[in-house]
């Protein structure tokens with residue numbers, strides 16, 4: 664069973680969470696101008712990498728919030744968890760060893776709508 | 133190829149069984165093939181066999197990064213059935229069942245196909261209505277399926293508990309496909325490998341594909357492998373959980389996500405369990421192997437992964453349901469559990485199709501139900517590769533159906549939460 668660091672609540676058992684698919688899949692601002700292929704890509708195509716994967720989780724039995732994580736799908740180790748609106752951490756190469764971010768009260772309770780979601 | 137027969141068995145036994153030869157040639161890669169199959173599982177080996185047998189294309193290589201039978205072929209729970217709801221699916225899976233029925237004779241290899249019946253249990257009024265709909269749809273499509281009362285379910289499967297006073301989700305009845313059953317999964321891979329090799333196919337193990345080469349027009353020209361480059365104009369990808377990874381080598385983005393799917397087996401016991409029982413609602417999935425182990429299918433984990441593990445709570449959930457349906461198994465010991473990686477499409481139906489890349493064909497997206505389709509999937513992939521166009525049975529199972537909105541939504545077809 665996985666130990667997952669909720670950026671709001673800290674480390675909790677996998678059982679408290681719900682997986683919510685790939686992160687940073689952005690819905691078009693003007694859907695009526697988007698072509699069929701782009702809609703197909705948005706709705707159905709996923710990167711499904713063997714390696715680092717940015718993904719959304721929801722802490723359903725805790726704060727109930729969505730957050731993002733980078734996990735290595737080769738061994739299920741979490742490399743980072745971060746709040747919605749924050750950019751995906753750069754973890755390529757040696758930096759893969761980076762651990763989950765330190766727990767702090769900064770921005771607790773804010774819901775950023777900036778940047779990628 | 134040495135043919136297996138009763139006479140051969142006796143003749144070899146009289147010489148202490150020392151004269152049996154290898155069942156297939158362990159080939160080294162040649163510089164060029166007419167077609168290359170990536171993935172030496174049951175599906176890929178079957179495709180190579182039918183390319184040689186039905187289409188006369190014998191200059192074929194099957195490239196397997198590990199060993200034959202070491203992937204999902206050896207990790208599944210060996211269930212065979214074709215009682216899917218939609219006509220496209222019923223036709224697809226029934227094509228496979230028809231091949232299963234004559235496969236041992238066709239391959240001269242005992243794949244131990246056993247039509248012992250697959251019973252899908254209903255636990256609430258919604259289940260009853262849905263399964264009756266399935267039964268009627270299947271019978272209209274020419275696929276056998278019948279409705280049994282709870283009492284009839286127990287008569288068909290005596291270990292089944294139907295005492296409603298002891299169950300949180302009592303058994304209200306079930307849908308039975310009598311032609312459904314099991315086969316010996318390793319034998320399927322070995323039998324296809326042997327028969328394909330006999331027809332000239334090179335089965336190349338420990339050979340991982342690292343790149344797919346294309347020319348200026350975009351058509352495939354070959355592959356790079358851990359055992360050197362191989363030229364070919366036709367590539368069939370049959371890589372199950374790794375399909376996304378292989379297809380990305382050709383720059384094709386797929387509507388797939390890969391999840392661990394777990395299974396477990398008990399200690400072996402005397403024959404007690406005569407059929408296959410599935411329950412979608414409380415998620416049980418159980419049969420007994422000919423060796424005596426109870427074979428239990430658990431669910432997929434919630435998140436994508438390539439780990440071939442999965443969390444124990446997923447397997448435990450299935451055991452909860454098994455213990456309620458079959459209280460006498462409560463003290464059984466589970467010997468092993470494991471996970472395989474399954475590639476899941478958004479509509480939970482597979483893809484057997486041409487791709488946007490000329491010369492590249494794909495068989496993927498079988499999710500939690502690939503084993504039952506092994507002969508049919510290989511047969512249809514071979515047809516698609518040889519003719520450069522799909523067979524009418526796999527024509528609906530394209531990649532483009534997601535763009536065009538022609539989904540074949542079988543998300544409720546498996547007893548596996550996914």
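Residue numbers (our numbering), protein chains in the order written: chain F, 664 to 780; chain B, 133 to 550. For every residue, glycine included, the Cβ atom is placed at its ideal position computed from N, Cα and C.
Residues of chain B whose Cβ lies closer than 8 Å to the Cβ of residue 738 of chain F are, in chain order, 439. Residue pairing of residue 147 of chain B in beta bridges, as defined by DSSP: absent, with no partner found. Judged by beta-carbon spacing, residue 491 of chain B lies beyond the 8 Å limit of residue 440 of chain B, meaning their Cβ atoms are not closer than that value. DSSP places residue 379 of chain B inside the alpha helix (DSSP H), whose first and last residues are 375-380.
Taking 8 Å as the threshold, the shortest C-beta distance from residue 754 of chain F to chain B does not fall below it. Selection F:686, F:685, F:702, F:723 evaluated against residue 693 of chain F yields F:702 as nearest (Cα-Cα). Residue 183 of chain B places its beta carbon less than 8 Å from that of residue 518 of chain B. Beta-bridge partners assigned by DSSP to residue 253 of chain B: B:306. Pairing residue 351 of chain B with residue 522 of chain B, the inter-Cα distance amounts to about 18 Å. Boundaries cannot be given for residue 347 of chain B, as no alpha helix (DSSP H) includes it and DSSP labels it neither H nor E.
For residue 511 of chain B, the closest alpha carbon among the candidates B:134, B:349, B:181, B:149 is that of B:181. Residues of the segment 670-688 of chain F with a Cβ closer than 9 Å to any Cβ of chain B, in chain order: 677, 678, 680, 681, 682, 684, 685. Residue 389 of chain B reaches chain F at 709, 711, counting residues in chain order whose Cβ is nearer than 7 Å. Spatial neighbours of residue 367 of chain B in its own chain (CB-CB distance under 6 Å, excluding positions within 5 residues in sequence) are listed in chain order as 168, 352, 492. Apart from sequence neighbours up to five positions away, the residues of its chain that approach residue 313 of chain B with a beta-carbon distance below 6 Å are 212, 246, 247, 248, ordered along the chain. Residue-level contact check: residue 744 of chain F does not touch chain B, since none of the beta carbons of chain B fall below 8 Å from its beta carbon.
Under the three-state reduction of DSSP output, residue 668 of chain F falls in the strand class.
Shown here for residue 164 of chain B: same chain residues with a beta carbon closer than 6 Å to its own, the five before and five after excluded, namely 363 in chain order. Contacts with chain F at 8 Å (Cβ-Cβ) do not include residue 528 of chain B. Taking a 10 Å sphere around the C-beta of residue 272 of chain B, we find fewer than 16 other C-beta atoms and assign the residue as exposed. Taking each of B:445, B:223, B:452 in turn and checking the Cα distance to residue 413 of chain B, the smallest one comes out for B:452.
Note: residue 363 of chain B is bridge-paired with B:164, B:354 in the DSSP secondary-structure output. Against chain F, the CB of residue 451 of chain B has no partner CB under 8 Å away; the residue lies outside that interface. Annotation: Cβ neighbours of residue 700 of chain F in chain B (cutoff 9 Å, chain order): 535. With fewer than 16 neighbouring CB atoms inside 10 Å of its own CB, residue 338 of chain B falls in the exposed class. Unbroken beta strand (DSSP E) stretches of 3 residues or longer found wholly inside the segment 425-511 of chain B: 425-432, 466-476, 483-486, 492-496, given in chain order. In the DSSP annotation of this structure, the continuous segment of the beta strand (DSSP E) that includes residue 742 of chain F starts and ends at 740-746.
With a contact defined as Cβ atoms closer than 8 Å, residue 391 of chain B and residue 437 of chain B qualify at about 7 Å. By alpha-carbon distance to residue 528 of chain B, the top candidate from B:535, B:520, B:539 is B:539.
In chain F, no part has a C-beta under 9 Å from the C-beta of residue 403 of chain B; the shortest such distance is about 35 Å.
Comparing C-alpha distances from residue 237 of chain B to each of B:279, B:531, B:152, B:136 shows the shortest one belongs to B:136.
In chain order, 436 make up the part of chain B whose C-beta sits under 8 Å from the C-beta of residue 716 of chain F.
For residue 673 of chain F, the uninterrupted beta strand (DSSP E) run begins and ends at 673-676, by DSSP.
With contacts defined as CB atoms closer than 8 Å, residue 711 of chain F and residue 389 of chain B qualify as a contacting pair. The straight-line gap separating the alpha-carbon atoms of residue 705 of chain F and residue 384 of chain B is approximately 15 Å. Under the Cβ criterion of 8 Å, residue 494 of chain B is not counted among the residues facing chain F.
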